[in-house]
Amino acid sequence: FLKIVKPGFVRDNIAFSVLCTEECRLHSSIPTFQTYRGKNGELYQTVPEYLEGLSGELSLFSGQTITLTEAALGGIDEIPETLTEIPGGRRGQLALMEKLGGYIVKVSRACSGVTENLPKDLETADPAGFRTGRQVARDDFSISESLTHLQNSADRKEFQYQIQNMLPNLGNSPESQSFRKGLQGGDLEFILDCFNWLEKNIHESLIDNPAPNVPVNNEVKPANVGAVYDASENHWEITQSFDFDNMGFGTLENGDQTPLEKDLGRTLSFFAFDPESGDFYADNAKATIKGYLERLPEKMSDAEKHRLQDYIQLGIVTSYLWRSSYLADELQGKPTDIHLARPDPSVHVTQIRLFDNWLSSNQFADIVESLQSTPQMDRHRDIEREAALFRNSPDYFDKRAEGSLKAYDIGIDAAHKQINGT
């Protein structure tokens with residue numbers, strides 16, 4: 457399997473994406489393909505006939521060029537978005553969730569090394585997602601960004617009127633019918649109310665309890681990771697990382713210091729909920745959070761725990777808006793040639809409601825606290841504190857210059873595995 461983005465389908469922040477790709481490849485144990493410089497300085501990658509040390513015959517693609525790092529190593533497909541399709545049943549799911557939790561921290565930490573030498577005139581992204589979320593809502597539903605705030609009853613009346621006027625444009629496909637039913641039932645209004653509340657809540661939290669400087673953020677969603685499963689040991693290895701062009705970063709200059717728990721929340725919004733029934737799987741959440749906590753030098757604070765809970769819901773809201781994009785042209789009465797099955801965005805409304813139901817009788821912060829308050833977790837933190845001191849030492853720059861940082865990173869991975877007995 458190769459996930460290929462053809463030349464030309466690139467984003468404005470391609471330069472930053474390539475920097476992140478190379479940073480991971482050269483200085484960490486995160487696997488990526490190598491990028492090459494072609495004519496006119498264009499960056500690209502070639503597909504070799506065989507990947508040394510990995511199974512996978514790729515001669516079919518030999519000589520082709522692909523942009524960035526959009527290829528899964530060893531013929532391993534991207535992780536399925538439907539949890540039941542993940543190999544190994546529930547045990548396999550939980551083992552994978554734990555692996556992804558640690559991966560979130562590793563990617564951000566590795567890529568943070570590029571932010572000191574960003575390309576000039578690079579347009580910064582919107583890591584918090586609020587500005588982009590409003591733009592997506594505007595484009596999907598042909599409403600003004602100001603209306604997405606739903607500030608008063610007049611706004612709500614105008615909003616409902618505009619949506620009702622577009623409903624006749626939806627066709628008779630099962631997806632369109634389900635989407636229409638959801639909009640008639642107030643799905644979008646519910647989603648925007650959640651969005652507005654979360655924006656207020658998260659921004660107030662960051663004012664009262666600023667996040668540490670974590671400049672690079674990446675959403676670890678199914679299509680962004682390739683992995684292979686060893687059923688005999690119930691163990692996963694991530695074999696490929698891609699889609700660094702979706703990464704966002706905040707700087708002191710643009711004022712957007714999005715905390716790392718946003719990445720964890722986004723990942724949980726994919727993997728801790730059933731994509732069909734909407735059920736919340738607390739065990740999946742615990743496994744992912746455990747892997748994440750193992751890579752932190754300090755415990756999560758109360759503010760970080762509560763922001764994580766908010767970021768889970770923001771991730772679900774974001775999924776609703778992006779899935780609505782598949783039906784946007786039809787909703788607005790524009791011709792469309794899409795005949796593929798399109799996921800129903802309404803499932804994300806169900807996910808939020810079921811998560812709220814779960815929270816009514818469970819304390820999310822207590823789960824995080826119980827996971828991070830164990831003797832094993834103390835040992836994990838000792839390793840990460842030592843690694844943090846190393847990253848700020850002259851020895852770090854010496855190893856970077858001599859090309860031995862990857863070996864050091866592999867050693868850190870091995871130390872964590874030893875604590876877990878794997």
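Under my numbering, the residue at position 110 of the sequence shown is numbered 566, and the numbers go up by one with no gaps. Glycine is no exception: its CB is placed at the ideal position from the N, C-alpha and C atoms.
Residue i versus residue j: straight-line alpha-carbon distance, rounded
{"i": "Phe698", "j": "Thr477", "result": "8 Å"}
{"i": "Lys761", "j": "Ser849", "result": "30 Å"}
{"i": "Asp800", "j": "Met833", "result": "40 Å"}
{"i": "Gln591", "j": "Trp778", "result": "11 Å"}
{"i": "Ile862", "j": "Ser484", "result": "For the sequence presented, residue 862 should be read as Lys rather than Ile. About 4 Å."}
{"i": "His659", "j": "Glu689", "result": "43 Å"}
{"i": "Leu648", "j": "Ile868", "result": "42 Å"}
{"i": "Leu550", "j": "Asn657", "result": "30 Å"}
{"i": "Glu842", "j": "Arg835", "result": "11 Å"}
{"i": "Asp758", "j": "Ala738", "result": "19 Å"}
{"i": "Tyr748", "j": "Lys613", "result": "43 Å"}
{"i": "Phe586", "j": "Arg636", "result": "25 Å"}
{"i": "Asn608", "j": "Ile745", "result": "38 Å"}
{"i": "Asp851", "j": "Arg481", "result": "20 Å"}
{"i": "Gly877", "j": "Val474", "result": "35 Å"}
{"i": "Arg594", "j": "Pro630", "result": "24 Å"}
{"i": "Asn621", "j": "Thr774", "result": "24 Å"}
{"i": "Arg565", "j": "Pro543", "result": "29 Å"}
{"i": "Ile619", "j": "Ser661", "result": "33 Å"}
{"i": "Phe457", "j": "Val681", "result": "With a pLDDT of only 32 at Phe457, under 50, the local geometry of the prediction cannot be trusted, and no value is derived from it."}
{"i": "Asp785", "j": "Gly589", "result": "18 Å"}
{"i": "Gly650", "j": "Asp766", "result": "Sequence inspection shows Cys at residue 650; the Gly mentioned does not correspond to that position. The straight-line gap from Cα to Cα measures roughly 10 Å."}
{"i": "Pro791", "j": "Asp643", "result": "24 Å"}
{"i": "Phe846", "j": "Leu783", "result": "50 Å"}
{"i": "Ile875", "j": "Arg546", "result": "23 Å"}
{"i": "Leu827", "j": "Glu645", "result": "36 Å"}
{"i": "Ser829", "j": "Gly558", "result": "17 Å"}
Cutoff 8 Å; reference residue i; Cβ partners in own chain excluding five residues on either side
{"i": "Gly711", "result": "Summary for Gly711: the model assigns pLDDT 48, below 50, so the residue's position carries little reliability; its value from the coordinates is reported in the next sentence. Hits under 8 Å: none found."}
{"i": "Ser781", "result": "Val592, Asp595 and Asp596"}
Status (buried if at least 16 other CB within 10 Å, exposed otherwise) for residue i
{"i": "Asp822", "result": "exposed"}
{"i": "Thr723", "result": "buried"}
{"i": "Asp596", "result": "buried"}
{"i": "Ile486", "result": "buried"}
{"i": "Glu541", "result": "exposed"}
{"i": "Gly641", "result": "exposed"}
{"i": "Asp664", "result": "exposed"}
{"i": "Ala527", "result": "Note that Ala527 has pLDDT 41, beneath the 50 cutoff, so the model's placement of it is unreliable and the number below is only indicative. Burial call: buried."}
{"i": "Tyr617", "result": "exposed"}
{"i": "Phe615", "result": "buried"}
{"i": "Leu539", "result": "buried"}
{"i": "Leu815", "result": "exposed"}
{"i": "Pro831", "result": "exposed"}
Contact check, residue i vs residue j, beta carbons under 7 Å
{"i": "Ile808", "j": "Ile772", "result": "yes"}
{"i": "Ser725", "j": "Ile768", "result": "yes"}
{"i": "Thr806", "j": "Gly734", "result": "yes"}
{"i": "Val561", "j": "Arg751", "result": "yes"}
{"i": "Leu626", "j": "Ser634", "result": "no"}
{"i": "Ser600", "j": "Gln788", "result": "no"}
{"i": "Glu717", "j": "Leu764", "result": "yes"}
{"i": "Ala728", "j": "Ala741", "result": "yes"}
{"i": "Tyr864", "j": "Lys855", "result": "yes"}
{"i": "Leu623", "j": "Asp611", "result": "no"}
{"i": "Phe811", "j": "Phe700", "result": "no"}
{"i": "Val676", "j": "Met756", "result": "no"}
{"i": "Ile839", "j": "Ala871", "result": "yes"}
{"i": "Pro715", "j": "Ala667", "result": "yes"}
Residues near residue i by beta carbon distance below 7 Å, same chain, minus five either side
{"i": "Ala844", "result": "Pro753"}
{"i": "Asn652", "result": "His605 and Leu606"}
{"i": "Glu655", "result": "Phe586"}
{"i": "Arg798", "result": "Glu631, Tyr782 and Leu783"}
{"i": "Gly401", "result": "Here the chain has residues from 457 to 878 only, and residue 401 is not among them."}
Proximal residues to residue i (C-beta, below 6 Å), its chain only, five neighbours per side dropped
{"i": "Asn818", "result": "none"}
{"i": "Glu858", "result": "none"}
{"i": "Trp692", "result": "Ala551, Leu552, Lys555, Ala683 and Tyr685"}
{"i": "Tyr776", "result": "Ile647, Pro801 and His804"}
{"i": "Thr488", "result": "Thr477, Cys480, Arg481, Thr525 and Ser697"}
{"i": "Phe820", "result": "Gln765"}
{"i": "Ser860", "result": "none"}
{"i": "Gly638", "result": "Ser802"}
Exercise. Would you list, in sequence order, the uninterrupted alpha helix (DSSP H) runs of no fewer than 4 residues that lie entirely inside the stretch 700-780?
Key: DSSP runs (the alpha helix (DSSP H)) wholly in the stretch 700-780: 717-727 and 738-749.
Quiz item: What residue ranges within the stretch 605-674 form continuous alpha helix (DSSP H) runs of no fewer than 4 residues, ordered along the chain?
Solution: With a minimum length of 4 residues, the continuous alpha helix (DSSP H) runs that stay inside the stretch 605-674 are 609-622, 630-640 and 643-664.
Quiz item: Of all the alpha helix (DSSP H) runs that stay within the bounds of the stretch 806-844, which reach a length of 4 or more residues?
Solution: List check, alpha helix (DSSP H) in window: 820-828.
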